[in-house]
Each structure stands twice: as structure tokens, then as C-alpha cells.
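Student: Once you've had a glance at the structure underneath, I'll fire off some questions.
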Amino acid sequence: MRETYIKNMEFLISELHKEWNKSKGDSNQIKVSLNKAHKLRSKISEHIVKQQKTINEDTNIDFEESMKMSKENFVMLRLIKKINRNMKKGEKEFSVNLDTEEYNVYLKLLESKEGA
Numbered sequence: 183m184r185e186t187y188i189k190n191m192e193f194l195i196s197e198l199h200k201e202w203n204k205s206k207g208d209s210n211q212i213k214v215s216l217n218k219a220h221k222l223r224s225k226i227s228e229h230i231v232k233q234q235k236t237i238n239e240d241t242n243i244d245f246e247e248s249m250k251m252s253k254e255n256f257v258m259l260r261l262i263k264k265i266n267r268n269m270k271k272g273e274k275e276f277s278v279n280l281d282t283e284e285y286n287v288y289l290k291l292l293e294s295k296e297g298a
């Protein structure tokens, strides 16, 4: 019974990860300079590593909070992918189309460190 429960939970989390990996349609647009893009990518990477470490090591974190943090990490990864895609074009400044979740994460990152 316990093994079935664990397998079902693993399946559920796997399905959530697939869903979180998908952009939900673009509704916002940001302008990003190449320099700002490099800083933003670095900030996002640091944030993901920090959150993942908390998820993996903090025994006091509850399941609900760990799921919220995991989802946010997936949204941040989508944001990095969009930034990388635009950076490859070689322009000094570019626009990035974001869905609502990505845009909210972007705003949260700006609040945590002005000028990111």
C-alpha cells in the first residue's frame, strides 16, 4: 500500500512538472538590455539553487510550500529559456514576451534586488 502511494505521488509530481514547464500564453512584454539579461539570468540561477537547496535540505518545510517553490523554479526556468532564446539573436536590447506567471516572477526578482 505504501509503495503504491509513493508511486502515485511520484507520478503526480512528474505530471505537475510537465505542466509547469509549459508557458501559458504571452500577455506581458519586457524590454531587456544584453547587460541586464546577463544579470537577470545570474539572479534567477542563484534563486533557483537557493530554493532547491531549501526544498531538499529543510526538514521543517511542509509539502505545500515545497510544491510552491518547485513551481516557481519551473517558471523561472521558462523565463531563462526565453531570455536565452532572445540573447542568441545578438541584439543589444530586445523584448521578451512573458505569460502572467513569468511576469510575476520577474517582478518579484526586481523587488528582491533593484536593477536586476
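If you're matching positions, the sequence shown starts at 183 in this note's numbering and goes up one per residue. Each residue gets a CB set at the ideal place from its N, CA and C atoms; glycine is no exception. Bear in mind the structure is a predicted one, so any value in this text is a computation, not a measurement.
Measuring only between beta-carbons, confirm whether Q234 sits less than 8 Å from chain C.
Tutor: Chain labels in this structure do not include chain C; a single protein chain is all it has.
Student: Ordered along the chain, which non-local residues of its own chain (more than five positions away) have a Cβ less than 6 Å from that of M191?
Tutor: Hits under 6 Å: none found.
Student: Got a sec, what are the start and stop residues for the beta strand (DSSP E) I243 sits in?
Tutor: Element bounds for I243: n/a, residue is neither H nor E.
Student: How far does the beta strand (DSSP E) with E275 in it reach, from first residue to last?
Tutor: Its beta strand (DSSP E) spans residues 275 to 280.
Student: Could you give the distance in angstroms between the alpha-carbon of D208 and the alpha-carbon of T236?
Tutor: For D208 and T236, the distance between alpha carbons rounds to 30 Å.
Student: Rounded to the nearest angstrom, what separates T186 and K204 at their Cα positions?
Tutor: The straight-line gap from Cα to Cα measures roughly 28 Å.
Student: Name the two residues that bound the continuous beta strand (DSSP E) containing S215.
Tutor: Where S215 is concerned, the enclosing beta strand (DSSP E) stretches over 210 to 215.
Student: Which of the three DSSP states is assigned to K232 in this structure?
Tutor: Helix at K232.
Student: Taking the C-alpha atoms as reference points, what is the distance between Y288 and K206?
Tutor: C-alpha separation (whole angstroms): 15 Å.
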